[in-house]
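Enquirer:
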Amino acid sequence: QVQLKESGPGLVQPSQTLSLTCTVSGFSLTSYNVHWVRQPTGKGLEWMGVIWTGGSTDYNSALKSRLSISRDTSKSQVFLKMNSLQTEDIATYYCARGGGLYGSVMDAWGQGASVTVSS
Amino acid sequence: DIQMTQSPASLSASLGETVTIECLASEDIYSNLAWYQQKPGKSPQLLIYYANSLNDGVPSRFSGSGSGTQYSLKINSLQSEDVSIYFCQQNYDSPFTFGSGTKLEIK
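From first to last, the protein sequence lines are chains W and F. Residues in the first sequence are numbered consecutively from 1, following the working numbering. Residues in the second sequence are numbered consecutively from 1001, following the working numbering.
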């Protein structure tokens, strides 16, 4: 069945880089897009960016200068890197499979990766 | 960017009641609107896409409607397991913005 799983360090020091991996199964990264969405505790969902089936990317303009999304299709993995982390980046980070007409209907989500920023 | 205004922020209703959540887009999104349910401590799950299409396995007491800039999610015969936060999201254009969420509780 379709599964996504986020992994990565739960603690990042201020000004350092966050690196997360989304490992997928049950579908191909060349057939479905993968989005990253984050959620500060007790708050709403923020769309961060997407890697499309062809390998191109789109980012939230508020994060674009700090964010990079890439993938390894042979390993069914999508990578998120975001630099210059601050306390406002404390959140649960989700990867989600995107489909539909514009590729952004998120029909399967990972369990989420909780990230804290602290020295 | 397309702004999504969701209301109400919170809602309390009795078991068996019908509730409605609204979402207003800042421009026409041509029915490219999804609704997600997030149960406490869990990841969001897709309920409805293209404004009114029920995702597989979603109970028929959930329904979506709307067009243009105005959309709504209706839950009939409220059940205890419907306690969740509900989010709308426009799927029309990047950035694919979400509404601020509606927290649904049982009276």
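Glycine included, C-beta positions come from ideal geometry on N, C-alpha and C. Predicted, not measured: the structure shown is a model, and the values here were computed from it.
For residue 63 of chain W, tell me which candidate among W:49, W:25, W:6 has the shortest Cα-Cα distance.
Expert: Nearest of W:49, W:25, W:6 to residue 63 of chain W, Cα basis: W:49.
Enquirer: Answer yes or no: do residue 85 of chain W and residue 12 of chain W have a C-beta to C-beta separation smaller than 7 Å?
Expert: Against a cut-off of 7 Å, the Cβ pair of residue 12 of chain W and residue 85 of chain W comes out as a contact.
Enquirer: Could you tell me whether the Cβ of residue 109 of chain W comes closer than 7 Å to any Cβ of chain F?
Expert: So yes, residue 109 of chain W belongs to the interface.
Enquirer: Would you mind sorting residue 18 of chain W into buried or exposed? The rule is 16 or more other CB atoms within 10 Å of its CB.
Expert: Classification of residue 18 of chain W: buried, given that the 10 Å Cβ count is 16 or more.
Enquirer: Using CA coordinates, which residue listed in W:72, W:106, W:99 is at the minimum distance from residue 22 of chain W?
Expert: Here the closest residue by C-alpha is W:72.
Enquirer: Between residue 1021 of chain F and residue 1092 of chain F, how many whole angstroms is the CB-CB distance? I'm expecting something under 8 Å.
Expert: So it is not a contact: roughly 19 Å between Cβ atoms.
Enquirer: In chain order, what residues of the region 1033-1047 of chain F put their CB closer than 9 Å to some CB of chain W?
Expert: Taking 9 Å as the Cβ-Cβ cut-off against chain W, the residues of the region 1033-1047 of chain F that qualify are 1034, 1036, 1038, 1042, 1043, 1044, 1045, 1046.
Enquirer: Run through chain W and tell me which residues come within less than 7 Å of residue 1096 of chain F, C-beta to C-beta.
Expert: The contacting residues are 47, 104.
Enquirer: With residue 1029 of chain F as the anchor, note down where its beta strand (DSSP E) starts and where it stops.
Expert: No beta strand (DSSP E) holds residue 1029 of chain F; DSSP gives it neither H nor E.
Enquirer: Measure the C-alpha to C-alpha separation of residue 1072 of chain F and residue 53 of chain W and round it to an integer number of angstroms.
Expert: The alpha-carbon atoms of residue 1072 of chain F and residue 53 of chain W are separated by roughly 31 Å.
Enquirer: The beta strand (DSSP E) spanning residue 1018 of chain F covers which residue range?
Expert: Where residue 1018 of chain F is concerned, there is no enclosing beta strand (DSSP E), given that its DSSP letter is neither H nor E.
Enquirer: Tell me whether the beta-carbon of residue 37 of chain W lies closer than 7 Å to the beta-carbon of residue 29 of chain W.
Expert: Contact flag unset, no.
Enquirer: Label residue 2 of chain W either buried or exposed according to how many other C-beta atoms from any shown protein chain fall within 10 Å of its C-beta, with 16 as the threshold for buried.
Expert: Classification of residue 2 of chain W: exposed, given that the 10 Å Cβ count is below 16.
Enquirer: Does the region 1029-1036 of chain F come within contact of the region 95-111 of chain W, defined as at least 3 CB pairs closer than 8 Å?
Expert: Yes: the two stretches touch, three or more of their Cβ pairs being nearer than 8 Å.
Enquirer: Alpha carbons only, please: which of W:24, W:118, W:57 is nearest the one belonging to residue 91 of chain W?
Expert: Residue 91 of chain W has its Cα closest to that of W:118, out of W:24, W:118, W:57.
Enquirer: Could you run through the region 1054-1067 of chain F and flag, in chain order, every residue whose CB is less than 8 Å away from some CB of chain W?
Expert: Per Cβ criterion, the list reads 1055.
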